[in-house]
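Each protein sequence line maps, in turn, to chains C and G.
Its first residue numbered 1, the first sequence is counted upward by one per residue in the numbering used here.
Its first residue numbered 1001, the second sequence is counted upward by one per residue in the numbering used here.
Quick reminder that beta carbons are idealized off the backbone N, C-alpha and C, glycines included.
Fair warning: this is a prediction, and the values are worked out from it, not measured in the lab.
First the structure, in the form of structure tokens, and then the observations on it.
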Amino acid sequence: MTAPVLTTAGHPDVVVVGAGVVGAACALAAARAGLRVTVVDRGPVAGGTTGAGEGNLLVSDKAPGPELVLALLSLRCWADVAAFLTERTGLPAGGFELEPKGGLVVAEAEGALGALADLAAAQRGAGVVADDVPAAGLRDREPNLAPGLAGGVFYPQDSQVQPMLAAARMLAAARGLGADVRTGVEVTGLLRAGDAGPGGRAGRRVVGVRTATHDVPAGAVVNAAGTWSGDVAALAGVRVPVLPRRGVVLVTAPVPVLVRHKVYAAEYVADVASEAADLESSAVVEGTPSGTILVGASRERVGFDPAMPVPVMRRLAAQAVRLFPALADVPVMRAYRGFRPYCPDHVPVVGADPRAPGLLHACGHEGAGIGLAAGTGHLLAQVLTGAVPDVDLTPFRPERFDEGTAE
Amino acid sequence: MSARTFRFDDRDLAYEAGQSVGAALWAAGVRSWRTTRVEGRPRGLFCGIGVCFDCLVTVDGRADERACVVPARPGLDVRSQQGSGRADLAV
């Protein structure tokens, strides 16, 4: 494989578009690989979906397949990023609250428990650690869980980070390695050079970005613009269908540790993979180091409608209380919503775009972008430096949507 | 003891019609009625409009009530809150 980076004296090797957690992970991985990196974002660091996320690093909600392969790689990459940042800053847990706390998926009814057990068995075959927990053992794991649940599965690999801290710490570390991070800079076009490929199938090479105020020539451009990545792709004349799915997260007042793990109902797994356009929700409940409890995981396809839907918030709260009755007495202090970037086939887009040489994508991670970020950055750095990626990128290829079968 | 009093940490505290618990405490010269969870530092009114969750008190046994939005009523049992006020829930 030849390195796609064309180094030009005085210019960065790569421009990363997007200062969310995925862009930050790409920037840090590329800088650690020795590349000169510039990051641009029209807003602030973590100003889009990263700043409205929950910080889930989950393997438990993924069936065997490319996304699970990426999630398992990404867990290892997150541990590596945290160790790297801790070594440089002295801050514990990477300075972004990485907690390998484990996830507990519970089923209310026998039917759901059977489906959960089948999923866990398949996941074990793909390298996931999954321990069946009988009904009688649930409250040893989580003493405040509601009585009467049918059983569950414990996933010790499930972890958590504070997403905004993760993005900010990775960008700070990238700057320490020479990266240039420019916020408040909107990309308005892509710089192109050379001739189109044979038969016009590949466009002219992408050699940087144009912004409202200046051009940034570079060897390559990484599209890590999250839910807005389709717009960046369109600047290159290529289609990457990334669409928004609105998700709400509730934040309780700070409490002592009354939820130890990430806890959610088995129905969440079905919601993640669902094709339904209307509201789906099943509460994912976890504590944070600051004492607040987060209740997340509604999904609605309503475009970029910025409303805070009260019925959705009520439903999430009711589902959380159903899992943890003690929460009934704990006030919700605030709530926020974000737009999760999803592709029609619910698989992220990671890798070089043969339709626009020099353009790479790292987007479309839906509600798993925090968890998948570190692995995505690692893989992009491998592609940028001409190394063989640790996982096969074929399922993530950006041009699959033009092939007629992927949708 | 006038009719317009509530209990605050085992004493009677007078209030005026329409006042919140927080306003009544402030008018009586009480500036702090909660301690922070980690360092035990004093907290009272900050935003005063129900947003910041700084002025939390325990009211009739319920922790995390916002003093600035709870209307003062006769006979309320208002107590300073130590930390989260929910040590009983810890596992």
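For R397 (chain C), not one C-beta of chain G is nearer than 8 Å to its own C-beta.
Looking at the DSSP output, P341 (chain C) bridges to C:P244. Interface criterion not met: the Cβ of S1020 (chain G) is under 8 Å from no Cβ in chain C.
Following the DSSP letters along the chain, one finds D80 (chain C) inside the alpha helix (DSSP H) bounded by residues 66 to 89. One finds S1084, R1086, L1089 in chain G with Cβ atoms closer than 7 Å to the Cβ of V255 (chain C), taken in chain order. Two segments are said to touch when three or more pairs of C-beta atoms, one from each, lie closer than 8 Å; by this definition the stretch 341 to 352 of chain C touches the stretch 233 to 247 of chain C. With respect to the 8 Å criterion, G351 (chain C) and V207 (chain C) are not classified as neighbours on the basis of their beta carbons.
Counting other Cβ atoms within 10 Å of its Cβ, H214 (chain C) stays below 16 and is therefore classed as exposed. Straight-line measurement puts the Cα of P44 (chain C) at about 40 Å from the Cα of V1030 (chain G). Residues of the stretch 1042 to 1061 of chain G with a Cβ closer than 8 Å to any Cβ of chain C, in chain order: F1053, L1056. Under the DSSP assignment, D1077 (chain G) falls in the beta strand (DSSP E) whose first and last residues are 1077 to 1079. Against A326 (chain C), the close residues of chain G are L1089, in the order they occur along the chain (beta-carbon pairs closer than 7 Å). From the beta-carbon of D1064 (chain G), the residues of chain C found nearer than 8 Å are A253, V330, P331. Residue range 110 to 125 is occupied by the alpha helix (DSSP H) that includes L119 (chain C). Positions of the alpha helix (DSSP H) runs, each at least 4 residues long and wholly inside the stretch 210 to 244 of chain C, are given as 229 to 235 in order along the chain. Excluding sequence positions up to five before and after A266 (chain C), its CB lies within less than 6 Å of the CB of V105, A107, A112, L116, all in the same chain and listed in chain order. Within chain C, the residues placing a beta-carbon under 7 Å from that of R1037 (chain G) are P254, G291, ordered along the chain. Contact between L57 (chain C) and V161 (chain C) holds: CB atoms are separated by about 6 Å, below the 8 Å threshold.
Residues of chain G with a Cβ closer than 7 Å to the Cβ of P92 (chain C) do not exist; the shortest Cβ-Cβ separation is about 15 Å. Secondary structure note for C363 (chain C): its beta strand (DSSP E) is the uninterrupted segment 359 to 363. Nearest to G1085 (chain G) by alpha-carbon distance, out of G:R1037, G:V1021, G:C1052, is G:R1037.
Comparing alpha carbon positions, the residue from G:S1080, G:G1061, G:A1087 closest to G1022 (chain G) is G:S1080. Close to chain G, meaning a Cβ-Cβ distance shorter than 7 Å, are the following residues of the stretch 144 to 174 of chain C: N144.
Taking 8 Å as the cut-off, the beta carbon of V1057 (chain G) is found closer than this to the beta carbon of R1034 (chain G). For the 8 Å CB-CB criterion, S1020 (chain G) and A1072 (chain G) form a contact. Among the residues facing chain G, L258 (chain C) is included, as its CB has a counterpart in that chain under 8 Å away.
When secondary structure is reduced to three states using DSSP, D180 (chain C) falls in the strand class. Annotation note: the stretch 1012 to 1088 of chain G contains the following uninterrupted beta strand (DSSP E) runs of length 3 or greater, listed N- to C-terminal: 1056 to 1059, 1062 to 1066, 1077 to 1079.
Nearest in C-alpha terms to P325 (chain C), of all of C:A362, C:R299, C:L145, C:G114, is C:L145.
Around the beta carbon of R192 (chain C), 16 or more other beta carbons lie within 10 angstroms, which makes this residue buried. A30 (chain C) and A381 (chain C) do touch by the CB rule: their CB atoms are close to 5 Å apart, below 8 Å. Taking the Cα positions, G51 (chain C) is about 9 Å away from L165 (chain C).
When the alpha-carbon of S1032 (chain G) is set against those of G:G1018, G:A1017, G:G1048, the nearest one is in G:G1048. Comparing alpha carbon positions, the residue from C:V388, C:D231, C:P217 closest to N223 (chain C) is C:D231. Distance check between D392 (chain C) and each of C:L68, C:C26, C:A253, C:L85 places C:L68 closest, using alpha-carbon atoms only. The beta carbons of R1007 (chain G) and L1076 (chain G) sit about 7 Å from each other, so the pair counts as a contact at 8 Å.
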